[in-house]
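Sequential numbering of the sequence shown, starting at 1447, is according to the working numbering.
Have a look at the structure below, then the notes.
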Amino acid sequence: MPYSVELSDVATLRLLTERDIGPVLDAYKRNREHLAQWEPARAESFFTTADQTRILTGQLEELEAGAGYPLVFVNGAIVIGRMTLSGIVRGPFQSASIGYWVDKEHTGQGLASAALRNVVTHCLEDLGLHRIEAGTLLHNVGSQKVLRKAGFAPIGIAEKYLKIAGTWQDHLLFQRLLSK
Ligand SMILES: CC(C)(COP(=O)(O)OP(=O)(O)OC[C@H]1O[C@@H](n2cnc3c(N)ncnc32)[C@H](O)[C@@H]1OP(=O)(O)O)[C@@H](O)C(=O)NCCC(=O)NCCS
């Protein structure tokens, strides 16, 4: 059974498919300003079908290879957010990184929190992971709250960890341990 969870009356969280390429592009166009301070600087080409096809096809290949788990928040056929597990490593690590965003019209409705709680359970019960890691900008209070509510604990500050909005910026790293 493919992963799909109803989060609310308006939002379902499910695996990305090829059919989502157009709706993901539309969502990025609508949310360009909303996401700008939280994401890497985007070239103009990022907002084209060609780039999104390349990026999302890559994510679907990672899903196939067991290296990633790309999800979309949808309202019908409209994409209203993303949550993505990347860098899934097996062996003695059994760990993955998680990132997410919610459409500006749908923030403050508990969607990120509900999604993360579900994904945490799925990571333990179905993907067999031991650990999930996430990093937030130091001033991203909303995202930190989402993580803490899902049982993530801060593990320290990584200096100049990611180039966000064109600048190498310090991040507060979190982890959620899943197995004993
Ligand atoms: C961060 C983000 C994903 C939160 O999504 P969301 O669906 O609005 O989150 P929730 O509704 O589940 O909110 C969880 C809690 O955080 C709080 N919160 C959300 N945004 C907040 C903000 N900017 N400042 C303070 N608190 C905030 C909510 O009030 C809620 O608190 P409560 O449970 O006590 O009511 C969303 O604002 C977003 O997409 N931001 C831009 C991209 C981004 O920052 N991604 C994460 C990168 S690490």
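Using N, Cα and C, we set each Cβ at its ideal position, and we do this for glycine too.
Note that the structure is predicted; figures quoted are calculated from it, not measured.
Query raised in the report: Which value, in whole angstroms, describes the spacing of the CA atoms of leucine 1462 and valine 1587?
Result: Spanning the two alpha carbons is a distance of roughly 27 angstroms.
**Report entry** Expected contact under 8 angstroms - CB spacing of alanine 1523 and glycine 1533 to nearest Å
**Finding:** Contact check for alanine 1523 and glycine 1533: beta-carbon distance about 29 angstroms, past the 8 angstroms limit, so the pair fails to qualify.
Requested in this report: Could you spell out the range, first to last residue, of the beta strand (DSSP E) harbouring histidine 1617?
Outcome: Run containing histidine 1617: 1613-1623, per the beta strand (DSSP E) assignment.
Query raised in the report: Once you ignore the five residues that flank valine 1592 on each side, which residues in its own chain have a CB closer than 7 angstroms to its CB?
Result: Setting aside the 5 residues that flank it on each side, valine 1592 is surrounded in the same chain by Ala1558, Ser1559 and Leu1562, each with a C-beta closer than 7 angstroms to its C-beta; the list follows chain order.
Report task. Answer yes or no: do glutamate 1571 and glutamine 1621 have a C-beta to C-beta separation smaller than 8 angstroms? Result -> With respect to the 8 angstroms criterion, glutamate 1571 and glutamine 1621 are not classified as neighbours on the basis of their beta carbons.
Query raised in the report: What's the call for glycine 1537, buried or exposed, on a 16-neighbour Cβ count within 10 Å?
Result: Exposed.
Requested in this report: Closer than 8 angstroms by C-beta to arginine 1460: which residues in its own chain qualify, once you throw out the five before and the five after it? Chain order, please.
Outcome: For arginine 1460, where only same-chain residues beyond five positions count, the Cβ hits under 8 angstroms are Pro1448, Tyr1449, Ser1450, Val1451, Leu1517, Val1518 and Val1520.
Query raised in the report: Along the chain, where does the alpha helix (DSSP H) that runs through tyrosine 1474 open and close?
Result: 1467-1476 is the span of the alpha helix (DSSP H), which, as asked, contains tyrosine 1474.
Query raised in the report: If glycine 1574 and tryptophan 1547 are in contact, beta carbons under 8 angstroms, what's the gap, nearest whole angstrom?
Result: Contact between glycine 1574 and tryptophan 1547 is ruled out by a C-beta separation of about 26 angstroms, above the 8 angstroms threshold.
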